[in-house]
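Scroll down for the structure; my scribbles are underneath it.
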Ligand SMILES: Cc1cc2nc3c(=O)[nH]c(=O)nc-3n(C[C@H](O)[C@H](O)[C@H](O)COP(=O)(O)OP(=O)(O)OC[C@H]3O[C@@H](n4cnc5c(N)ncnc54)[C@H](O)[C@@H]3O)c2cc1C
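Numbering (our numbering), first residue to last: 3 to 469.
Written as structure tokens, this is what we have:
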């Protein structure tokens, strides 16, 4: 791809638009914005990092880079797991960290949130008003812009859905610099193509997201957590669809294998209430009525006990629940941080097929002499499997894990699933996209990209290649 270069003159104009302090070209900044949280992910430095403070500045910068055909990669907090925020072709990284205003609209049960707002701050701001934004990606330092761009998921999808289900409006800036408001503060709409939903999940390849209008719900009065050990992983995952079949939809239903807990405890020094069984379900339920809530907890406990659970630990105090969910939020670090040869898989399948998928996955891994361990969102069929190549040379690992990944993606599609449930395609899954989508869909997406971004400057090299 032939892109324009950033000259001294362009840098001066950038500084005029956003002020000098918001334009960085020193090596330390360029390196800081060169990667995301993908395990052993790519690193590519941009030529400049720009931090706009408002939508007008985003628009002026985009007009300029579009004119000179300079690539631009949008960035929230770089917590993505698909190399999505890595500036593959250099150019500009536009970081939204300085756009983080939150305006809660209690009359309409909505909030208007700037793209760089960190999820943790948003949750605090709404929860102190008794309101709830249930979309819950595990990484609370991620931003609303990043969450919209990846259509993030997380633990609460089983009951509350994904980010898309809470977005009512988006302010976006096109590559031409045009500012558009898609949707708004209406609960429903039926007015032509829903462009807003096209932007959600587009991974920064169609437009910059500058503001998000989200709907809020009432904060449930009470949460309780069940921590359930199983003698076999298969029994744990089979219990998930048994629970759903009984018309019970917990807030979250997470699965974890023992090895993940042991690794996390070792790395972090934090402890789960129990770590001696092969696998666990961690289930959170919420509600306003204690009697109904505890009855539901009992029903879940009984279903699990009938299906191979060894015991059920109830945690109802805030402290005991926090202890469990704190460790849960460290599983990724626990598993990934000290491993040389590791990958993360984000396939999603119908929840009733998880047991079949796990069995197939272990067979695939065994056949290639690779280990596989998993944890994740069992309630919505999105368990993150981690192929691990302990003791393999880089060369062997590279060859083997590519085959394992391909076969895992194929088997998830064969079971009615797809290749990414929540992390997006980015660069990491680009070569596997045609396993999940047919060529006609990918061609249509390329045509859409050309309409939104004719100069191919927005996050080039992500999702699919254009040339
Ligand atoms: C420990 C851990 C746990 C995680 N758990 C979950 C989980 O449970 N569920 C889940 O879905 N994800 C999870 N993630 C992945 C990650 O947090 C999400 O993908 C998140 O949405 C990324 O947000 P971000 O602000 O860090 O975006 P970045 O990583 O900065 O960017 C992600 C993508 O969004 C684009 N983008 C960012 N901001 C904008 C914008 N304003 N306009 C247009 N495009 C933009 C980028 O170009 C890139 O393509 C986890 C990550 C970690 C490290």
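The beta-carbon is built from N, C-alpha and C at its ideal position, and this holds for glycine as well.
Taking residue i and residue j to be in contact with their CB atoms under 8 Å, please state how far apart those CB atoms are, rounded to whole angstroms.
i           : j           : result
residue 349 : residue 411 : 6 Å
residue 366 : residue 205 : Going by Cβ atoms, the distance from residue 366 to residue 205 rounds to 27 Å, so no, they are not a contact pair.
residue 145 : residue 98  : 6 Å
residue 288 : residue 253 : 5 Å
residue 216 : residue 162 : With a Cβ gap of about 12 Å, residue 216 and residue 162 do not count as contacting.
residue 13  : residue 50  : 7 Å
residue 279 : residue 232 : 6 Å
Please classify residue i as buried or exposed, where buried requires at least 16 neighbouring CB atoms within 10 angstroms.
i           : result
residue 461 : buried
residue 396 : exposed
residue 132 : exposed
residue 446 : exposed
residue 442 : exposed
residue 304 : exposed
residue 255 : buried
residue 456 : exposed
residue 451 : buried
residue 403 : buried
residue 202 : buried
residue 195 : exposed
residue 377 : buried
residue 73  : buried
residue 340 : exposed
residue 112 : buried
residue 16  : buried
residue 136 : buried
residue 290 : exposed
residue 400 : exposed
Suppose contacts are defined by Cβ-Cβ distances below 9 Å. Is residue i in contact with residue j by that definition?
i           : j           : result
residue 235 : residue 265 : no
residue 240 : residue 299 : no
residue 3   : residue 463 : yes
residue 434 : residue 444 : no
residue 110 : residue 38  : no
residue 424 : residue 220 : no
residue 95  : residue 54  : no
residue 387 : residue 347 : yes
residue 214 : residue 172 : yes
residue 352 : residue 438 : no
residue 283 : residue 242 : yes
residue 314 : residue 273 : no
residue 344 : residue 360 : no
residue 139 : residue 154 : yes
residue 91  : residue 35  : no
residue 87  : residue 454 : no
residue 81  : residue 23  : no
residue 375 : residue 356 : no
residue 212 : residue 57  : yes
residue 147 : residue 62  : no
When DSSP builds the beta bridges, which residues end up paired with residue i?
i           : result
residue 64  : BP columns for residue 64 are empty, so no partner.
residue 385 : 378
residue 287 : 226
residue 373 : 390
residue 23  : Paired residue(s): none; residue 23 is not in a bridge.
residue 282 : 231 and 258
residue 460 : 74
residue 420 : 350
- Going along the chain, which unbroken runs of the beta strand (DSSP E) with 3 or more residues stay wholly within the region 175-248? Correct list: 181-185, 210-217 and 224-232.
- Message: My parser needs the beta strand (DSSP E) runs of 3 or more residues fully inside the region 50-103; what are they?
- Response: Annotation note: the region 50-103 contains the following uninterrupted beta strand (DSSP E) runs of length 3 or greater, listed N- to C-terminal: 50-52, 74-77 and 94-97.
- For the region 93-176, which segments carrying the alpha helix (DSSP H) assignment without a break, of at least 4 residues, lie completely within its bounds, in sequence order? When DSSP assignments are scanned along the region 93-176, the uninterrupted stretches of alpha helix (DSSP H) that are 4 or more residues long and fall wholly within it turn out to be 121-129, 146-152 and 159-162.
- Which runs of the beta strand (DSSP E), 3 residues or longer, sit entirely within the region 282-365? 315-317, all fully within the region 282-365.
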